[in-house]
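This report refers to the structure that appears directly beneath it.
Residue numbers (our numbering), protein chains in the order written: chain A, 1 to 173; chain B, 1001 to 1168.
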């Protein structure tokens, strides 16, 4: 029971760190759920993120995946509520007032100032996932191949990911 | 209100899908309204997709709209992910599924790399933006510092760098 509460609290404060995109919180989430609380292994975390990426809906549903591993379906529900409910309430509150607030000149400054912070966090998230997901020459090649295919717009993202999965299977990733 | 069930059909939950569904297909919103809500969703703490659903839902139908929109983006994905999680942890994966997943994980990294670079290009145009982005990345990524701490420091620093010019 206490562990469930610890988990709810952990996802709650992690959700507050999601500024400018969920990927930004990945390094801290990885640290908490893998190294600190041992709810999932590093490999499970990356696999869970990949499954969340393939699933419709927010990638931060990774919280539900971790919660499920640690405490079954109730764990998944608790993790999801902790991840989404408090920040959603905040978003509703602010959305209701934003039309009035955004006229303020500091609002614009904050808007511009937080963008690069969000970008830095996002880059760190990609870095963390890469460390677990890219463990040999083949996976590095698949990641670079995906990046190239998407840059040149050969295929839509979903298809590229599936193709890479099949390639991984054929080549024994 | 009832039109909100419509968003259930989107299910998806990437900003591009919302744009397509609400601005292009149904014409409920103008592009600039969408961009405004998108920026606000980025700005607020919390997962972007749910924040975006809330800001858009609130604009269209007030608090009930926001509530519906939130449920509509989370519930379908949660159901699918729980099914996948059950399979994943249930029997252990067949070796085939493992290498499939490893290949896909690698591809997701590639996808995130490309997406990040695309998003960064319009932002990293000034020296201060580059410094803030790189500093935040280094602190949270390779240096493994506490994200909350880094966020507070770099956000404060960044707001100061971007502070509005004093009025004359």
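C-beta: ideal position from N, C-alpha, C; glycine also. Since the model is a prediction, treat every value here as computed from it, not as a measurement.
Reference residue 1066(B); option with closest CA among 40(A), 95(A), 72(A):
Per the Cα distances, 95(A).
Inspect the CB distances between the region 114-122 of chain A and the region 1074-1084 of chain B and report whether three or more fall short of 8 Å.
No: fewer than three Cβ pairs fall under 8 Å.
Kindly list the residues whose CB is nearer than 7 Å to the CB of residue 26(A), restricted to its own chain and excluding five residues on each side of it in sequence; keep chain order.
So the list reads 125, 128, 129, once near-sequence residues are dropped.
Tell me whether residue 104(A) sits in a helix, a strand or coil according to DSSP, three-state version.
Residue state, collapsed to three classes: coil.
Report, in whole angstroms, the separation of the C-beta atoms of residue 15(A) and residue 1046(B), which I expect to be a contact under 8 Å.
About 5 Å separates the beta carbons of residue 15(A) and residue 1046(B), which is inside the 8 Å limit, making them a contact pair.
Roughly how many whole angstroms lie between the Cα atoms of residue 1012(B) and residue 51(A)?
Note that residue 1012(B) has pLDDT 44, beneath the 50 cutoff, so the model's placement of it is unreliable and the number below is only indicative. Residue 51(A) has its alpha-carbon roughly 14 Å from the corresponding atom of residue 1012(B).
Between the Cα of residue 49(A) and those of 39(A), 63(A), 36(A), spot the shortest distance and give me the residue it belongs to.
Ranked by how close their Cα comes to the Cα of residue 49(A), the residues 39(A), 63(A), 36(A) have 63(A) in first place.
Could you check whether residue 168(A) and residue 142(A) sit closer than 8 Å to each other, using their CB atoms as the reference points?
When the beta-carbon positions are compared, residue 142(A) and residue 168(A) come within less than 8 Å of each other.
Report, in whole angstroms, the separation of the C-beta atoms of residue 66(A) and residue 39(A), which I expect to be a contact under 8 Å.
Correct: roughly 5 Å between the Cβ atoms.
Residues in the region 47-68 of chain A having any Cβ partner in chain B nearer than 8 Å
So the list reads 47, 48, 49, 50, 51, 52, 53, 54, 55, 56, 57, 58, 59, 60, 61, 64, 65, 68, given in the order they occur along the chain.
Environment of residue 1121(B) [buried if 16+ CB atoms lie within 10 Å]
Exposed is the call here.
Hey, would you say residue 1147(B) sits closer than 8 Å to residue 1140(B), going by beta carbons?
Yes; because the gap between Cβ atoms is below 8 Å, this pair is in contact.
Selected residue, minimal CA-CA separation from residue 1151(B), among 69(A), 158(A), 122(A), 45(A):
Per the C-alpha coordinates, the member of 69(A), 158(A), 122(A), 45(A) positioned closest to residue 1151(B) is 122(A).
Return the residue from the list 80(A), 86(A), 140(A), 97(A) that minimises the CA-CA distance to residue 1062(B).
Each of 80(A), 86(A), 140(A), 97(A) was checked against the Cα of residue 1062(B), and the nearest Cα belongs to 97(A).
Length of the line joining the Cα atoms of residue 1153(B) and residue 156(A)
Near 38 Å, if we compare the C-alpha coordinates of residue 156(A) and residue 1153(B).
Spatial neighbours of residue 1040(B) within its chain, please: CB distance less than 7 Å, with the 5 preceding and 5 following residues excluded, ordered by chain position.
Within the same chain, and ignoring the five residues on either side of residue 1040(B) in sequence, the residues whose Cβ sits closer than 7 Å to its Cβ are 1055.
Other residues of its chain near residue 146(A): CB distance less than 6 Å, five sequence neighbours each side excluded
Excluding residues within five positions, the ones whose Cβ falls inside 6 Å are 160, 164.
Residue-level contact to chain B via CB, residue 37(A), 8 Å cutoff
Put simply, the CB of residue 37(A) is far from chain B, with every gap to its CB atoms at 8 Å or more.
Give the straight-line distance between the Cα atoms of residue 134(A) and residue 79(A), rounded to the nearest whole angstrom.
Between the alpha carbons of residue 134(A) and residue 79(A) lies a distance of about 27 Å.
Would the beta-carbon of residue 28(A) fall within 8 Å of that of residue 12(A)?
No, Cβ-Cβ distance for residue 28(A) and residue 12(A) is not below 8 Å.
Using only CA atoms, which one of 1160(B), 1097(B), 1076(B) lies nearest to residue 172(A)?
When C-alpha distances from residue 172(A) are compared across 1160(B), 1097(B), 1076(B), the shortest belongs to 1097(B).
Does the Cβ of residue 988(B) have 16 or more other Cβ atoms within 10 Å, making it buried, or fewer, making it exposed?
No statement about residue 988(B) is possible, as the shown extent of chain B runs from 1001 to 1168 and does not include it.
Neighbour list for residue 34(A) in chain B, Cβ cutoff strictly below 7 Å
The premise fails here: residue 34(A) is roughly 13 Å from chain B at the closest Cβ pair, so nothing lies under 7 Å.
Report the neighbours of residue 1091(B) on chain A: residues whose CB is nearer than 9 Å to its CB, in chain order.
For the C-beta of residue 1091(B), not a single chain A residue is nearer than 9 Å; the gap to the nearest is close to 14 Å.
Separation of residue 1129(B) from residue 1159(B), as counted between CA atoms
A direct Cα-to-Cα measurement between residue 1159(B) and residue 1129(B) gives close to 11 Å.
Pull out every residue of the region 1077-1107 of chain B whose Cβ sits closer than 8 Å to any Cβ of chain A, in chain order.
Against chain A - using a Cβ distance shorter than 8 Å - the residues of the region 1077-1107 of chain B are 1077, 1078, 1080, 1081, 1082, 1084, 1085, 1086, 1088, 1089, 1096, 1099, 1100, 1101, 1102, 1103, 1104, 1105, 1106, 1107.
So for residue 47(A), helix, strand or coil by DSSP?
The answer is helix: DSSP assigns residue 47(A) an H, G or I state.
Cα separation between residue 154(A) and residue 1114(B)?
About 13 Å.
Counting only Cβ-Cβ distances shorter than 9 Å, please list the residues of the region 1129-1150 of chain B near chain A, keeping chain order.
Shown in chain order are the members of the region 1129-1150 of chain B whose Cβ falls below 9 Å from a Cβ of chain A: 1129, 1130, 1131, 1132, 1133, 1134, 1135, 1136, 1137, 1138, 1139, 1140, 1141, 1142, 1144, 1146, 1147, 1148, 1150.
Rank 1070(B), 1094(B), 1095(B) by C-alpha distance to the C-alpha of residue 83(A) and give the top, closest one.
Across the set 1070(B), 1094(B), 1095(B), the C-alpha of 1070(B) shows the shortest separation from the C-alpha of residue 83(A).
Mind reading off the beta-carbon distance from residue 112(A) to residue 1162(B)? Whole number of angstroms is fine, and I expect it under 8 Å.
About 5 Å; that satisfies the 8 Å criterion.
In this structure, how does DSSP classify residue 171(A) when only helix, strand and coil are distinguished?
Three-state result, residue 171(A): helix.
Taking the alpha carbon of residue 1137(B) as the reference point, which residue from 90(A), 136(A), 23(A), 132(A) has its own alpha carbon closest?
The closest CA to that of residue 1137(B), considering only 90(A), 136(A), 23(A), 132(A), is found on 23(A).
Excluding the five sequence neighbours on either side, which residues of its own chain have a C-beta within less than 8 Å of the C-beta of residue 34(A), listed in chain order?
Once the five neighbours on either side are set aside, the close Cβ partners of residue 34(A) are 40, 41, 42, 45.
Assigned exposure category for residue 166(A) - 16 Cβ within 10 Å defines buried:
Exposed, since its Cβ has fewer than 16 Cβ neighbours within 10 Å.
With 7 Å as the C-beta to C-beta threshold (strictly closer), list the residues of the region 1053-1072 of chain B near chain A in chain order.
Going along the region 1053-1072 of chain B in chain order, one finds 1054, 1055, 1058, 1063, 1066, 1070 with a Cβ nearer than 7 Å to chain A.
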